[in-house]
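If you read the sequence shown in our numbering, its first letter stands for residue 68, the second for the next number, and so on. Each residue gets a CB set at the ideal place from its N, CA and C atoms; glycine is no exception.
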Amino acid sequence: MESKVSIKNYIHTVRSYLKKEEVQESRVLENFRNSENPENYTRSSTDIEFVLIPAGEFEMGSPSKEKDTFDYECPAHKVIIKNSFYLGKSSVTQKQWKKIMGKNPSHFKGEDRPVEMISWKDVQKFVKKLNEKESTDKYRLPSEAEWEYACRAGTQTRYYFGDDESKLNKYVWYAENSGRETHSIGQNKPNPWGLYDMHGNVWEWVHDNWHENYSGAPSDGSVWEDGNSSCRVSRGGSWYCDASLCRSASRFRRDPENRISNLGFRLLREL
Numbered sequence: 068m069e070s071k072v073s074i075k076n077y078i079h080t081v082r083s084y085l086k087k088e089e090v091q092e093s094r095v096l097e098n099f100r101n102s103e104n105p106e107n108y109t110r111s112s113t114d115i116e117f118v119l120i121p122a123g124e125f126e127m128g129s130p131s132k133e134k135d136t137f138d139y140e141c142p143a144h145k146v147i148i149k150n151s152f153y154l155g156k157s158s159v160t161q162k163q164w165k166k167i168m169g170k171n172p173s174h175f176k177g178e179d180r181p182v183e184m185i186s187w188k189d190v191q192k193f194v195k196k197l198n199e200k201e202s203t204d205k206y207r208l209p210s211e212a213e214w215e216y217a218c219r220a221g222t223q224t225r226y227y228f229g230d231d232e233s234k235l236n237k238y239v240w241y242a243e244n245s246g247r248e249t250h251s252i253g254q255n256k257p258n259p260w261g262l263y264d265m266h267g268n269v270w271e272w273v274h275d276n277w278h279e280n281y282s283g284a285p286s287d288g289s290v291w292e293d294g295n296s297s298c299r300v301s302r303g304g305s306w307y308c309d310a311s312l313c314r315s316a317s318r319f320r321r322d323p324e325n326r327i328s329n330l331g332f333r334l335l336r337e338l
């Protein structure tokens, strides 16, 4: 009888040990996956929090029948984003800018407000300094396609929360609710992928040259730099805009030297 009990205890002990080892192995594998490409992570050099954007495909631009569509948002076309990437959870803040550049040029002061009064060329200087500081070449502005893909987050509606403009106040700082100024990041609801203020607060620089429409645009999500225009593109609308300019497809032409109080940027980091 005692031998049977001993055998049962032994078997129970072995099973418990194996189960514990299995759990520990599972945790190790999970930690490894998370350390490779965690869904969110923060860079200590800037405190910028990044969100992992998965590879995929989408329809870029406005369908011709969408309300408030402009010709320069057309034609709608399929884009395949082949590689996942990290994108800033919010616009770069004044505190984050100052950590790299040393000064805060913004008109509306506040550490957690988006940095503004920065030109496209100023942003390139920021990117260069940050890459040098971290001994990498992974940081850059998103392409226009990458920006819209991340903004839509799997949606094809006018806004990433749908077409219902009665919901704007929950998601967007724009002319009707902003008090004509910027607001601290992360106060409104995020999009389905956890990105804040992709609609409104400040326009955001992207890397591309301006084109009058999407005829001939890349289908792989890469930066579109050829063409005759020296202007660049901004996306997303701002505190100064009406609702139609804050749509997912909304875009605007900018001189790369423009410095205005409703224009900032969001940082991309390649994997």
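Exposure label - residue i; buried when at least 16 CB within 10 Å
{"i": "residue 249", "result": "buried"}
{"i": "residue 211", "result": "buried"}
{"i": "residue 157", "result": "buried"}
{"i": "residue 236", "result": "exposed"}
{"i": "residue 283", "result": "exposed"}
{"i": "residue 316", "result": "buried"}
{"i": "residue 140", "result": "buried"}
{"i": "residue 98", "result": "Only weak support is given to the placement of residue 98: the predicted model assigns it a pLDDT of 39, under 50, and the value that follows is read from those uncertain coordinates. Exposed is the call here."}
{"i": "residue 160", "result": "buried"}
{"i": "residue 246", "result": "exposed"}
{"i": "residue 280", "result": "exposed"}
{"i": "residue 304", "result": "buried"}
Coil, strand or helix - residue i by DSSP
{"i": "residue 264", "result": "coil"}
{"i": "residue 306", "result": "coil"}
{"i": "residue 244", "result": "coil"}
{"i": "residue 145", "result": "strand"}
{"i": "residue 214", "result": "helix"}
{"i": "residue 291", "result": "coil"}
{"i": "residue 219", "result": "helix"}
{"i": "residue 333", "result": "coil"}
{"i": "residue 133", "result": "coil"}
{"i": "residue 101", "result": "Unreliable positioning characterises residue 101 in this predicted model, as indicated by a pLDDT of 45, which lies under 50. The coordinate reading is nonetheless provided below. Residue 101: helix per DSSP, three-state reduction."}
{"i": "residue 281", "result": "coil"}
{"i": "residue 140", "result": "helix"}
{"i": "residue 324", "result": "coil"}
N-terminal and C-terminal residue of the beta strand (DSSP E) that residue i is part of
{"i": "residue 127", "result": "123-127"}
{"i": "residue 120", "result": "116-120"}
{"i": "residue 255", "result": "Neither: residue 255 is in no beta strand (DSSP E) and is coded neither H nor E."}
{"i": "residue 320", "result": "318-321"}
{"i": "residue 109", "result": "107-109"}
Residues bridged to residue i (per DSSP)
{"i": "residue 276", "result": "299"}
{"i": "residue 153", "result": "119 and 336"}
{"i": "residue 229", "result": "226"}
{"i": "residue 181", "result": "160"}
{"i": "residue 314", "result": "Bridge partners of residue 314: none, in fact."}
Other residues of its chain near residue i: CB distance less than 7 angstroms, five sequence neighbours each side excluded
{"i": "residue 203", "result": "none"}
{"i": "residue 224", "result": "230"}
{"i": "residue 221", "result": "259"}
Continuous alpha helix (DSSP H) stretch holding residue i: start and end
{"i": "residue 197", "result": "187-200"}
{"i": "residue 235", "result": "235-238"}
{"i": "residue 168", "result": "161-168"}
Cutoff 8 angstroms; reference residue i; Cβ partners in own chain excluding five residues on either side
{"i": "residue 309", "result": "241, 242 and 243"}
{"i": "residue 298", "result": "276, 277, 320, 321, 322 and 323"}
{"i": "residue 122", "result": "148, 149, 150 and 151"}
Beta carbon proximity, residue i to chain B, threshold 8 angstroms
{"i": "residue 246", "result": "Of the chains in the structure shown, none is chain B; there is only one protein chain."}
Residues near residue i by beta carbon distance below 6 angstroms, same chain, minus five either side
{"i": "residue 228", "result": "234 and 238"}
{"i": "residue 296", "result": "276 and 277"}
{"i": "residue 216", "result": "125 and 148"}
{"i": "residue 116", "result": "109 and 156"}
{"i": "residue 164", "result": "182"}
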